[in-house]
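Sequential numbering from 33 applies to the sequence shown in our numbering.
Glycine included, each C-beta is placed from N, C-alpha and C at the ideal position.
Below is one structure, written out as structure tokens; comments come after it.
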Amino acid sequence: MQLSAIFIFGLVWGGLMIYFFTPTRKIENVDFKKDWNFQHAFKDSLISIGLQKKAVPVFLMLVIAVLAIWSFHSQLKWHNEAHGGGEMTYDPTVRAVIYIVGFIVYSTILYLYLAYRRAMLLLKK
């Protein structure tokens with residue numbers, strides 16, 4: 033995969049995650065206790081963002097994307113041998129694992145950032 037394709041995929045995936053993980057107005061108006069510190073606000077943000085109905089498509093897309101990455105890279109070796117492409121210079125399954133780990137780390141960082149942003153907004157109230 034070229035670097036530009038990875039950046040475009042990351043941009044689209046990040047936009048979808050931000051759209052689906054941004055809480056609705058009903059969730060945003062949570063009962064916030066004045067004695068909460070950052071830890072309580074962050075924990076509440078993690079739970080409320082992850083358990084809303086809008087988060088279901090994100091988790092489904094995450095599973096589908098991981099399965100698509102794995103199935104694509106697992107078929108590369110067979111495709112190369114079937115069409116006489118010669119010997120491959122890399123192991124496609126190793127590259128698939130690297131892409132999957134990177135994808136999950138990127139998704140986790142975005143999720144934690146959105147929870148952090150919501151926790152900071154709750155603390156400002």
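Could you please give the first and the last residue of the uninterrupted alpha helix (DSSP H) stretch that includes residue i?
i	result
Y122	No alpha helix (DSSP H) holds Y122; DSSP gives it neither H nor E.
Counting C-beta neighbours from all protein chains within 10 Å, is the total for residue i 16 or more, i.e. buried, or is it exposed?
i	result
H105	buried
L83	exposed
M49	buried
D76	buried
F91	exposed
A151	buried
Y51	exposed
F139	Contrary to the premise, residue 139 reads as Ser rather than Phe in this sequence. With 16 or more other Cβ atoms within 10 Å, it is buried.
I81	buried
I101	buried
F53	buried
L99	exposed
What is the DSSP secondary structure of residue i, reduced to helix, strand or coil?
i	result
G42	helix
K156	helix
Q107	helix
G134	helix
Only counting the same chain, and skipping five residues up and downstream in sequence, which positions put a Cβ closer than 8 Å to that of residue i?
i	result
Y148	F74 and S77
Leaving out five residues before and five after residue i in sequence, what residues of the same chain have Cβ atoms less than 6 Å from its Cβ?
i	result
H115	none
K109	P124
Whole alpha helix (DSSP H) elements within the stretch 47-97, 4-residue minimum: 57-60 and 70-82
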